[in-house]
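Here's the structure we're looking at; comments come further down.
Protein chains in written order, with the numbering used here: chain G, 35 to 225; chain S, 35 to 225; chain L, 35 to 225; chain X, 35 to 225.
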């Protein structure tokens, strides 16, 4: 398998994940603005997940882009990531319906933490492939640090939900913000 | 990220949006033509949204086609547009069930107005990228005017729904018609 | 827009249509084979529609392949076809639940007839584009005849459903069979 | 039709199959961990099917990759495979709800057995195409043996479910494991 095939398939799966979430949104029972306000948590958790998956897509694209070879290890690290990402619509729906319940917030955090860990594994394989290229190894090490921080924060959001769900929501909002900050660019690799 | 990757991902998301809307259509309870007539508003609002999203797809394709570079700003302007487009199935379903209720018509108008505004932002970024090319700048300015009119009309449809939902429907029908008129072509850019 | 972009978008939409139909299938209430037998009509109508859409995909691919230029007329003939194809999951679900009711069978026939007519319009545009190429014009004329017959038969299936639904089912089965017969090949155009 | 078009369409369908399954997952009624435990069988059967379809995707990619020509026979063998694969979300949903019922386990086995048989037919067509190339014929023969074993095991899982559903589950787990073992590579064909 070429890495471009792998990337096209992944982009397809991610495009579907980001879009089908909207099917979980149920129109309000009454056509009034107060009734719409009641489904606002669902809309907001959809918006949050759209942002999360969009960021993952951007990162994933950059990640696969520097892959040298579509080894079996890369293939399965990638499918592992896609699996946890595919659960985002499920935990999003649950969160939207129970956004004040620690358990729903914690479950959302668990899935994001597993996505973050999967990114970590995927990049570890890429770093292994890049072992001969000092420039690339440094790039992966720098990105891996960022990856580690966000995965750790997502894991932290799980117990934190039982203290205050708003603390967990703060983490969910913080990490996307972190990804908007300018990154160490890999000069000459990006096309 | 290359603009072609960006375009492929967007086309994928738009293809899904336009197609999954059909899942919201519920078959009539009784297998009779009068029963089918009762779901006709759902079918009509599906048809309207199919047309709207199809036009957005065509415009989006032309837009991304003249992009020079997939900057972060372009990427996120585009994801912003896709987000509001992804809500079309939600507002369509709501409209189909409550097509005589001002609030449902207004909500549909709100989402289209936000899609129109997102197109405006996206093209603004493209115009910025094209700043050195007079021909392209003129093209963007001409298209931006059209964009501004349709976004303004969509925003107008929101309060208008409370006067008469049919006035809003007239706007929804008018704008697609406007897009069928021949456009200023960008000679030599289209491939 | 290039014809290859048009084709990729259409293939995406068709892939989604053919696949999401399975979401309409409801697992039997009881885990017993007799209970499964009760959902057999749904499974069969899904199978039939899968075949129908698969054939349309193959034909569509061949059709777009000989397109010279992605004119606005071609674009909108194509979107018209995709719209009627996108209703296949809706009429399939309805047919599966009411396969002995003339009205459900007739509605299924109506949608297929509209798909067939859309193919006719799409090919008419292609024939217009090919007007300078005698070989291609002949090819389109030959294919158009086949197209006309199947569209006519689908239209016939609508009133026929009120005589006997089995007569309509016979037509639904006949046309796919017709498409499996060897076709006039366009030598040297296929790649 | 080129084999690359065939592959892109198939990859699209498979990406949708693997992703829409998550829509069948219903969030637990109560936001508590014990309530989540009750939907664990659904999550597990989703995980199993994700793995199954992922393996089929990898195999399918390798398969189509060595295709010489997109003959009608290849096209329809492939659509036959996609049809049975498209039923995976249906049988997965049924399995998740009735994982201790022999009938649900048997039905899951039936669909996997039919997928396995379809792979067999698809590869038979490829072997036929490769008849002049000894190296390729040997490769297909070796792969076909593996294919035959897994299809046979899947068929075996059907009656076995009536003895013990766990015996069938053992088979479902065994075959993916088998596909993780290193394979006979086709030197110089893979790109």
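Glycine included, every Cβ here is placed at the ideal spot set by N, Cα and C.
Starting from the beta carbon of residue i, find every residue of chain S whose beta carbon is closer than 8 Å, and list them in chain order.
i: residue 123(L); result: 56 and 57
i: residue 109(L); result: 92
Using a Cβ-Cβ cutoff of less than 7 Å, which residues in the same chain neighbour residue i once the five nearest sequence positions on both sides are dropped?
i: residue 129(L); result: 79, 138, 139 and 142
i: residue 125(S); result: 141, 142 and 145
i: residue 82(X); result: 206
i: residue 195(L); result: 136, 139, 140, 143 and 202
i: residue 190(X); result: 205
i: residue 118(S); result: 145, 148, 149 and 152
i: residue 107(L); result: 159
Got a sec? Which residues, its chain only, sit under 8 Å from residue i by beta carbon, not counting five neighbours each side?
i: residue 44(G); result: 94, 98, 112 and 116
i: residue 120(X); result: 47 and 51
i: residue 181(X); result: 150, 153, 154 and 157
i: residue 71(X); result: none
Rounded to a whole number of angstroms, what is the C-alpha to C-alpha distance between residue i and residue j?
i: residue 76(L); j: residue 77(S); result: 22 Å
i: residue 150(L); j: residue 188(L); result: 8 Å
i: residue 184(S); j: residue 153(S); result: 10 Å
i: residue 174(S); j: residue 102(S); result: 13 Å
i: residue 167(G); j: residue 41(S); result: 31 Å
i: residue 63(X); j: residue 69(X); result: 7 Å
i: residue 207(G); j: residue 213(G); result: 11 Å
i: residue 223(L); j: residue 96(L); result: Below a pLDDT of 50, predicted positions are generally treated as unreliable, and residue 223(L), at 43, falls in that range; no measurement from the model is reported.
i: residue 192(G); j: residue 203(G); result: 11 Å
i: residue 200(L); j: residue 89(L); result: 22 Å
i: residue 105(L); j: residue 155(L); result: 14 Å
i: residue 92(X); j: residue 38(L); result: 26 Å
i: residue 67(L); j: residue 74(L); result: 10 Å
i: residue 159(L); j: residue 122(L); result: 24 Å
i: residue 31(X); j: residue 210(X); result: Residue 31(X) cannot be examined here, being either before or after the span of chain X that is shown, 35 to 225.
i: residue 131(G); j: residue 100(X); result: 48 Å
i: residue 172(X); j: residue 148(X); result: 24 Å
i: residue 60(G); j: residue 134(L); result: 32 Å
i: residue 198(L); j: residue 65(S); result: 16 Å
i: residue 225(G); j: residue 84(L); result: Any reading at residue 225(G) needs caution, since the residue's pLDDT is 38, under 50, leaving its predicted position unreliable; the model's value is listed next. Approximately 40 Å between the Cα atoms of the pair.
i: residue 186(G); j: residue 178(G); result: 12 Å
i: residue 114(S); j: residue 114(X); result: 39 Å
Interface residues of chain G around residue i at Cβ under 7 Å?
i: residue 127(S); result: 61
i: residue 209(X); result: The contacting residues do not exist; residue 209(X) stays about 16 Å from chain G at best.
i: residue 51(S); result: 53
What in chain L is Cβ-close to residue i, meaning under 7 Å?
i: residue 132(X); result: 65
i: residue 265(X); result: Nothing about residue 265(X) can be reported from this structure: the residues present for chain X run from 35 to 225 only.
Who are the neighbours of residue i on chain G, taking C-beta pairs under 8 Å?
i: residue 42(S); result: 42 and 45
i: residue 158(X); result: Per Cβ cutoff of 8 Å: no residues; residue 158(X) is ~23 Å from chain G at best.
By the criterion of Cβ-Cβ separation under 9 Å, what are the contact partners of residue i in chain S?
i: residue 84(G); result: 113, 116, 117 and 120
i: residue 192(G); result: Those do not exist, as residue 192(G) stays about 27 Å from chain S at its closest Cβ, beyond 9 Å.
Give the residues of chain L in contact with residue i, contact being defined as C-beta atoms less than 8 Å apart.
i: residue 100(S); result: Within chain L, no residue comes near residue 100(S); the closest Cβ sits about 12 Å away, beyond 8 Å.
Please go through the same chain and pick out, in chain order, the residues whose beta-carbon is closer than 6 Å to the beta-carbon of residue i, but skip the five residues on each side of it.
i: residue 170(L); result: 164
i: residue 127(G); result: 58
i: residue 161(S); result: 174
i: residue 49(L); result: none
Starting from the beta carbon of residue i, find every residue of chain S whose beta carbon is closer than 7 Å, and list them in chain order.
i: residue 135(L); result: 65
i: residue 88(G); result: 113
Going along chain X in order, which residues have a C-beta closer than 8 Å to the C-beta of residue i?
i: residue 138(G); result: 65
Which residue spans inside the stretch 53 to 97 of chain S form an unbroken alpha helix (DSSP H) run of at least 4? The stretch 53 to 97 of chain S contains these whole alpha helix (DSSP H) runs: 67 to 72.
When the Cβ atoms of the stretch 50 to 57 of chain L are set against those of the stretch 50 to 67 of chain S, are three or more pairs found closer than 8 Å? Because the criterion of three Cβ pairs below 8 Å is met, the stretch 50 to 57 of chain L and the stretch 50 to 67 of chain S touch.
Could you name each continuous alpha helix (DSSP H) segment of 4 residues or more that falls completely within the stretch 138 to 165 of chain X, going from the start of the chain to the end? none
Ignoring anything shorter than 4 residues, give me the alpha helix (DSSP H) runs that lie fully in the stretch 94 to 134 of chain L, in order along the chain. 106 to 120 and 122 to 131
Minimum length 4: unbroken alpha helix (DSSP H) runs contained in the stretch 161 to 207 of chain G: Scanning the stretch 161 to 207 of chain G for uninterrupted alpha helix (DSSP H) segments of 4 residues or longer gives 168 to 197, listed from N- to C-terminal end.
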